[in-house]
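Peer 1:
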Amino acid sequence: MSVLSNRVIAVTGAAKRIGRCIAIDLAKRGASVAVHYNESRREALETAEECSGQAFRADLAQVGQIQRLFDDIRAAYGRLDGLVNNAGVFRRADPLEVTESDWDLIHDVNVKAMFFCCQQAARIMKRQGRGRIVNITSLGGIRPWAKHVPYCTSKAGAIMLTRSLAKALAPYVSVNAVAPGVIHFGEDMPPDIDHLVRITPQGRHGTGEDVARVVRMLLEGPSFVTGQIIAVDGGLSLK
């Protein structure tokens with residue numbers, strides 16, 4: 019029997035792409051998955067059905083909606099054993115053209131929402147005496163990308179948030195992060211991304227399943243692992 023059998027795991031941004039892959043992978047290991055979404059209702063319902071779970075809507079840029087989201091999850095499942103903070107905003111922009119609203123949106127979702135989701139989840143987990151949090155950051159939080167300054171800044175913030183919370187929430191809750199490199203889902207890749215694939219030591223882009231397996235490892239493995247940032251990037255961060 020899997021360690022995750024009968025564990026309740028919430029996955030934010032689980033309607034599509036990496037979040038969907040994570041939710042489905044966890045469900046296959048026996049976890050009860052709470053599927054969060056904001057705008058992608060149809061896809062979220064499809065993911066929830068495939069996971070035999072429930073879908074929950076919330077705009078994570080609004081702290082009040084985050085609080086309601088976790089209240090609803092606890093009401094539906096009675097507990098919360100793990101949180102995967104996957105929801106995020108990714109936008110390419112010339113730094114000289116970035117507006118205040120651009121900056122605020124990216125940081126509201128990629129940093130502020132991640133913190134308050136961690137806060138709400140940790141309150142539940144601490145009462146239970148244990149819990150696991152995995153934050154999805156990015157290689158962009160480790161390496162600077164000239165056309166993604168707000169995004170890189172937000173993901174670097176998410177990395178420090180992970181490390182700080184790992185200390186703050188110990189020993190009851192472990193907090194780790196996964197930093198994906200180039201992950202491809204069949205869409206045409208822009209030239210700058212194609213270049214990153216070419217210089218990746220493993221010689222390929224990653225998949226959602228690559229990320230999902232590492233997330234599962236952190237949820238299943240020893241709680242003695244905390245505050246770690248694991249790059250799932252085919253060695254690109256070594257360049």
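Here the working numbering is used: the first residue of the sequence shown is 19, the next is one more, and so on. Virtual Cβ for every residue (Gly too), placed ideally from N, Cα, C.
1. Gly239 to Leu114, Cα distance in whole Å?
2. Do you know offhand how far Val107's Cα is from Thr117's?
3. Assign Val116 to one of three DSSP states: helix, strand, or coil.
4. According to DSSP, is Gly37 helix, strand or coil?
5. DSSP has Ala73 in a bridge; who is on the other side?
6. Taking its Cβ as the centre, do 16 or more other Cβ atoms sit within 10 Å of Asn153, making it buried, or is it exposed?
7. Around the Cβ of Lys173, are there at least 16 other Cβ atoms within 10 angstroms (buried) or fewer (exposed)?
8. Whether or not the segment 221-228 and the segment 154-164 are in contact is what I'm after, with contact meaning three or more pairs of Cβ atoms, one per stretch, closer than 8 Å; do they touch?
9. Can you tell me which of the three DSSP states Asn103 falls into?
10. Based on Cα-Cα distance, which residue from Ala33, Ala76 and Gly149 lies nearest to Glu68?
11. Output yes or no for whether 8 Å exceeds the beta carbon distance between Ser20 and Gly48.
12. Buried or exposed for Ser138, going by 16 or more other Cβ atoms inside 10 Å?
13. Taking the alpha carbon of Leu214 as the reference point, which residue from Phe203, Asp228 and Gly199 has its own alpha carbon closest?
14. How about Ala100 and Arg150: are their beta carbons less than 8 Å apart?
15. Can you tell me whether DSSP reads Pro168 as helix, strand or coil?
16. Return the CA-CA distance between Met178 and Arg231, expressed in angstroms with no decimal places.
17. Apart from the five residues just before and just after Asp251, which ones in its own chain have a Cβ nearer than 8 Å to its Cβ?
Peer 2: Let me spell this out:
1. Numbered from 1 along the sequence shown, position 221 holds the residue referred to as residue 239. Numbered from 1 along the sequence shown, position 96 holds the residue referred to as residue 114. In a straight line, the C-alpha of Gly239 is about 44 Å away from that of Leu114.
2. Along the sequence shown, read from residue 1 onward, the residue named residue 107 stands at position 89. Along the sequence shown, read from residue 1 onward, the residue named residue 117 stands at position 99. Distance between the alpha carbons of Val107 and Thr117: 15 Å.
3. Indexing the sequence shown from 1 puts residue 116 at position 98. It is coil, neither helix nor strand.
4. For this step, residue 37 is matched to residue 19 along the sequence shown. Annotated three-state conformation of Gly37 is helix, per DSSP.
5. Numbered from its first residue, the sequence shown carries residue 73 at position 55. Beta-bridge partners of Ala73 (DSSP): Val53.
6. Your numbering for residue 153 matches position 135 in the sequence shown. When all chains shown are included, Asn153 counts as buried.
7. In the sequence shown, the residue the question calls residue 173 occupies position 155. Buried is the label assigned to Lys173, since at least 16 other Cβ atoms lie within 10 Å of its Cβ.
8. A contact between stretches requires three or more CB pairs, one per stretch, nearer than 8 Å, and the segment 154-164 fails this requirement with the segment 221-228.
9. In the sequence shown, the residue the question calls residue 103 occupies position 85. It is a strand residue.
10. Sequence index remark: in the sequence shown, residue 68 carries index 50 (1-based). Taking only the C-alpha atoms, the option nearest Glu68 is Ala33.
11. As a position in the sequence shown, residue 20 is number 2, starting the count at 1. As a position in the sequence shown, residue 48 is number 30, starting the count at 1. Pairing Ser20 with Gly48 gives a Cβ-Cβ distance under 8 Å.
12. For the purposes of this step, residue 138 is taken as the residue at position 120 of the sequence shown. Strictly speaking, residue 138 in this sequence is Gln, with Ser absent from that position. Only buried fits Gln138, as 16 or more other CB atoms lie within 10 angstroms of its CB.
13. For the purposes of this step, residue 214 is identified with residue 196 of the sequence shown, where counting begins at 1. The residue with the shortest Cα to Cα distance from Leu214 is Gly199.
14. Against the sequence shown, residue 100 aligns to sequence position 82. Against the sequence shown, residue 150 aligns to sequence position 132. A small fix is needed here, since residue 100 is Gly in this sequence, not Ala. Yes, they are a contact pair.
15. Working through the sequence shown from its first residue, we reach residue 168 at position 150. When DSSP states are grouped into helix, strand and coil, Pro168 belongs to the helix group.
16. For the purposes of this step, residue 178 is taken as residue 160 along the sequence shown, with counting starting at 1. For the purposes of this step, residue 231 is taken as residue 213 along the sequence shown, with counting starting at 1. If I take the Cα positions, the gap works out to 23 Å.
17. Counting from one through the sequence shown, the residue named residue 251 turns up at place 233. If the five residues before and after Asp251 are omitted, its C-beta is found closer than 8 Å to the C-beta atoms of Leu157, Ala197, Pro198, Gly199, Val200, Thr218 and Gly224, all from its own chain and listed in chain order.
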